[in-house]
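Novice: Numbering-wise, this note's numbering puts 583 at position 48 of the sequence shown, and it's gapless, one number per residue. Even glycine gets a Cβ: it sits at the ideal position worked out from N, Cα and C. First the structure, then my questions, so here it is.
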Amino acid sequence: MADATAPVELLVCTTCRAGQPTDVEGPRPGTQLFDALNASDLPENVTIKGVECFSNCDFGCSITIRGGDERWTYVYGNFTGGDDADLVADGVTKYAATADGLVPWRERSTHFRKNCIARIPPLETT
(Lines of atoms letter the chains of each structure in order from A and count residues from 1; the text may use other names and numbers.)
(Lines give C-alpha, C1' and ligand atoms only; values in the text may rest on other atoms or scores of the structure.)
Protein backbone atom coordinates (compact mmCIF):
# COMPACT_ATOMS: atom_id res chain seq x y z
CA MET A 1 0.00 0.00 0.00
CA ALA A 2 1.39 3.40 -0.99
CA ASP A 3 2.09 5.97 1.70
CA ALA A 4 1.65 9.74 1.18
CA THR A 5 4.45 10.40 3.68
CA ALA A 6 6.96 8.23 1.79
CA PRO A 7 10.15 9.97 0.61
CA VAL A 8 10.01 12.19 -2.46
CA GLU A 9 12.97 13.39 -4.52
CA LEU A 10 13.01 16.70 -6.35
CA LEU A 11 15.77 16.61 -8.97
CA VAL A 12 16.82 19.95 -10.46
CA CYS A 13 18.98 20.25 -13.56
CA THR A 14 21.73 22.58 -12.37
CA THR A 15 23.29 22.93 -15.83
CA CYS A 16 20.14 24.32 -17.47
CA ARG A 17 20.74 27.62 -19.22
CA ALA A 18 17.09 28.49 -19.96
CA GLY A 19 18.07 29.62 -23.46
CA GLN A 20 20.99 31.81 -22.37
CA PRO A 21 24.30 31.68 -24.25
CA THR A 22 26.93 29.44 -22.66
CA ASP A 23 29.35 32.32 -22.12
CA VAL A 24 27.12 34.22 -19.66
CA GLU A 25 28.99 34.66 -16.37
CA GLY A 26 27.54 33.67 -13.03
CA PRO A 27 25.40 30.75 -11.96
CA ARG A 28 23.18 29.24 -14.61
CA PRO A 29 19.40 29.53 -14.22
CA GLY A 30 19.21 25.85 -13.24
CA THR A 31 21.65 26.44 -10.39
CA GLN A 32 19.72 29.55 -9.36
CA LEU A 33 16.52 27.48 -9.21
CA PHE A 34 18.28 24.76 -7.20
CA ASP A 35 19.69 27.30 -4.73
CA ALA A 36 16.33 29.05 -4.31
CA LEU A 37 14.58 25.72 -3.70
CA ASN A 38 17.20 24.76 -1.11
CA ALA A 39 16.29 27.96 0.74
CA SER A 40 12.54 27.31 0.49
CA ASP A 41 10.24 25.54 2.89
CA LEU A 42 9.63 22.09 1.39
CA PRO A 43 7.74 19.24 3.09
CA GLU A 44 9.78 17.07 5.47
CA ASN A 45 9.57 14.05 3.16
CA VAL A 46 11.08 15.93 0.17
CA THR A 47 14.79 15.76 -0.61
CA ILE A 48 16.22 18.10 -3.24
CA LYS A 49 19.15 17.01 -5.40
CA GLY A 50 21.05 18.84 -8.10
CA VAL A 51 21.80 16.78 -11.21
CA GLU A 52 23.50 17.47 -14.51
CA CYS A 53 21.59 17.76 -17.77
CA PHE A 54 18.19 16.21 -18.40
CA SER A 55 18.77 16.73 -22.16
CA ASN A 56 15.76 19.02 -22.30
CA CYS A 57 17.78 22.10 -23.20
CA ASP A 58 15.25 23.66 -25.58
CA PHE A 59 12.59 23.85 -22.87
CA GLY A 60 14.04 26.01 -20.09
CA CYS A 61 15.05 24.70 -16.69
CA SER A 62 13.84 21.18 -15.97
CA ILE A 63 12.94 19.28 -12.83
CA THR A 64 11.95 15.72 -12.04
CA ILE A 65 9.67 14.71 -9.18
CA ARG A 66 9.72 11.07 -8.11
CA GLY A 67 8.65 9.19 -5.04
CA GLY A 68 9.48 5.51 -4.84
CA ASP A 69 8.20 2.42 -6.57
CA GLU A 70 4.49 3.17 -6.21
CA ARG A 71 4.29 6.80 -7.37
CA TRP A 72 4.24 8.20 -10.87
CA THR A 73 7.35 10.20 -11.84
CA TYR A 74 7.09 13.53 -13.67
CA VAL A 75 9.53 15.65 -15.66
CA TYR A 76 8.59 19.33 -16.02
CA GLY A 77 10.26 22.08 -18.02
CA ASN A 78 10.12 25.73 -19.01
CA PHE A 79 11.16 27.12 -15.64
CA THR A 80 13.26 30.29 -15.85
CA GLY A 81 15.43 30.10 -12.72
CA GLY A 82 15.26 31.15 -9.09
CA ASP A 83 12.11 33.22 -9.57
CA ASP A 84 10.17 29.99 -10.14
CA ALA A 85 11.11 28.42 -6.78
CA ASP A 86 7.69 29.11 -5.21
CA LEU A 87 5.93 27.60 -8.23
CA VAL A 88 8.08 24.45 -8.05
CA ALA A 89 7.72 24.23 -4.26
CA ASP A 90 3.92 24.36 -4.61
CA GLY A 91 3.96 21.58 -7.22
CA VAL A 92 6.25 19.28 -5.26
CA THR A 93 4.25 19.90 -2.07
CA LYS A 94 1.06 18.75 -3.80
CA TYR A 95 2.87 15.72 -5.25
CA ALA A 96 4.37 14.80 -1.85
CA ALA A 97 0.88 14.76 -0.31
CA THR A 98 -0.23 11.96 -2.66
CA ALA A 99 0.27 8.22 -2.26
CA ASP A 100 0.47 7.58 -6.02
CA GLY A 101 1.93 10.83 -7.41
CA LEU A 102 -1.30 11.76 -9.17
CA VAL A 103 -2.22 15.34 -8.31
CA PRO A 104 -5.73 16.08 -9.62
CA TRP A 105 -5.58 18.11 -12.84
CA ARG A 106 -7.46 21.13 -11.52
CA GLU A 107 -5.24 21.31 -8.42
CA ARG A 108 -2.09 21.70 -10.53
CA SER A 109 -0.85 25.17 -11.44
CA THR A 110 -1.24 26.18 -15.08
CA HIS A 111 2.53 25.84 -15.50
CA PHE A 112 2.47 22.23 -14.28
CA ARG A 113 -0.51 21.43 -16.52
CA LYS A 114 1.10 22.85 -19.66
CA ASN A 115 4.78 21.97 -19.20
CA CYS A 116 4.85 18.27 -18.42
CA ILE A 117 7.67 16.77 -20.51
CA ALA A 118 7.14 13.16 -19.38
CA ARG A 119 4.97 11.12 -17.07
CA ILE A 120 6.53 7.79 -16.12
CA PRO A 121 4.52 4.98 -14.52
CA PRO A 122 5.44 3.54 -11.14
CA LEU A 123 7.84 0.59 -11.02
CA GLU A 124 5.20 -1.41 -9.22
CA THR A 125 2.11 -1.50 -11.40
CA THR A 126 -1.07 -3.34 -10.52
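Any idea if Q555 is buried or exposed, counting beta-carbon neighbours within 10 angstroms, 16 or more meaning buried?
Specialist: Flag for Q555 reads exposed.
Novice: Quick one: complete beta strand (DSSP E) runs, 3+ long, within the stretch 540-604?
Specialist: DSSP runs (the beta strand (DSSP E)) wholly in the stretch 540-604: 543-548, 581-586, 596-601.
Novice: Three Cβ pairs or more, each shorter than 8 Å: is that satisfied between the stretch 614-633 and the stretch 590-601?
Specialist: They touch, by the three-pair rule.
Novice: Please report the residue range of the beta strand (DSSP E) in which T608 lies.
Specialist: Element bounds for T608: 608-614.
Novice: Considering only the beta carbon of each residue, do G636 and P564 sit closer than 9 Å?
Specialist: Taking 9 Å as the Cβ cut-off, G636 and P564 do not qualify as a contacting pair.
Novice: Determine the closest residue to A539 out of A634, E659, T549, with distance taken between C-alpha atoms.
Specialist: Closest option to A539, Cα to Cα, is A634.
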